[in-house]
Every structure is written in structure tokens, then in C-alpha cells.
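Asker: Numbering (this note's numbering), first residue to last: 2 to 102.
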Amino acid sequence: MRKRPHGNKSGDSASDPLKPIAIEDIPPHDLTEYLDLFKTIDRDSSGGIETVELVYAFNSMGVDASPGDMHRLIQGMDESGDGNVDFREFAGCLHAVTIER
Ligand SMILES: [Ca+2]
Numbered sequence: 002m003r004k005r006p007h008g009n010k011s012g013d014s015a016s017d018p019l020k021p022i023a024i025e026d027i028p029p030h031d032l033t034e035y036l037d038l039f040k041t042i043d044r045d046s047s048g049g050i051e052t053v054e055l056v057y058a059f060n061s062m063g064v065d066a067s068p069g070d071m072h073r074l075i076q077g078m079d080e081s082g083d084g085n086v087d088f089r090e091f092a093g094c095l096h097a098v099t100i101e102r
């Protein structure tokens with residue numbers, strides 16, 4: 002289902018299609034946008050996005066988001082398993098979603 006934007010330039014990364022995009026592969030312009038969004042969502046500036054922050058973010062956009070759904074979303078993005086999504090994880094997932102459109 003997932004499409005790669007274009008071939009691997011680095012060659013050796015036989016990348017798992019489920020893996021989010023590495024932050025190094027995201028264009029700086031996009032990264033700036035993601036960082037703005039990240040800072041908006043990370044209300045306590047902890048450097049990580051938690052379930053409650055995601056619920057709040059969606060609600061403030063007028064989207065009805067349940068804590069259960071947001072928790073699953075967090076778990077899906079949380080590669081390090083520490084219960085919140087840091088910017089690397091956030092940007093990687095966001096970019097993977099964005100380039101699929
Ligand atoms: Ca936070």
C-alpha cells in the first residue's frame with residue numbers, strides 16, 4: 002500500500018516499508034513546518050507529545066478525538082516506547098503520511 006517517493010539514494014538502507022522516514026531525509030522546508038506543528042501540540046514544551054496533548058490538539062481543530070484512539074496513535078508513532086512522541090518520531094510519521102497523498 003505504501004509508496005516510496007523515489008528510490009533509495011543512500012543505497013544500503015533496505016528499508017522496512019513500515020519504518021517512518023528518517024528525519025535526515027525530510028526536506029528542511031517541511032521540517033520547519035512539522036516543528037511548528039510539534040511545538041503547537043507539545044503544550045508543556047516537554048519535547049514529547051503525550052496522549053492528552055494530542056487529544057487537546059485534535060479537539061482544538063474541531064476533530065473529536067478519544068483518548069483511546071490517541072493513545073493508539075501515540076503507540077504507533079512511539080518508536081522508543083517511552084510513552085510519548087519526540088520530534089524525530091513525529092516528523093518521520095507525519096512525513097510518511099504526507100508523501101502518501
Ligand atoms: Ca509534552
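Note that CB positions come from ideal geometry on N, CA and C, so glycine has one too.
Just so it is clear, the structure is predicted and the values come from calculations on it, not from any experiment.
Would you say residue 49 touches ligand 1, meaning its beta carbon is less than 7 angstroms from a heavy atom?
Answerer: yes
Asker: Report the CB separation of residue 48 from residue 79 in whole angstroms; it is logged as a contact under 8 angstroms.
Answerer: At roughly 13 angstroms, the Cβ-Cβ gap does not stay under 8 angstroms, so residue 48 and residue 79 are not in contact.
Asker: Less than 7 angstroms between C-beta atoms, sequence neighbours within five positions excluded: which residues of the same chain meet that for residue 14?
Answerer: Unreliable placement is indicated for residue 14, whose pLDDT of 49 sits below 50; no coordinate value is reported for it.
Asker: Under the DSSP definition of a beta bridge, which residues are partnered with residue 86?
Answerer: 50
Asker: Helix, strand or coil, according to DSSP, for residue 79 in the structure here?
Answerer: coil
Asker: Hey, how far is the Cα of residue 38 from the Cα of residue 94?
Answerer: The alpha-carbon atoms of residue 38 and residue 94 are separated by roughly 13 angstroms.
Asker: I need the DSSP call for residue 14, collapsed to helix, strand or coil.
Answerer: With a pLDDT of 49 at residue 14, under the threshold of 50, the modelled position of that residue is not reliable, and no figure is offered here.
Asker: In three-state DSSP terms, what is residue 69?
Answerer: helix
Asker: Consider the C-beta atom of residue 34 and the heavy atoms of ligand 1; say whether any pair is separated by less than 7 angstroms.
Answerer: no
Asker: Does residue 27 come out as helix, strand or coil in the three-state DSSP assignment?
Answerer: If DSSP states are grouped into helix, strand and coil, residue 27 belongs with coil.
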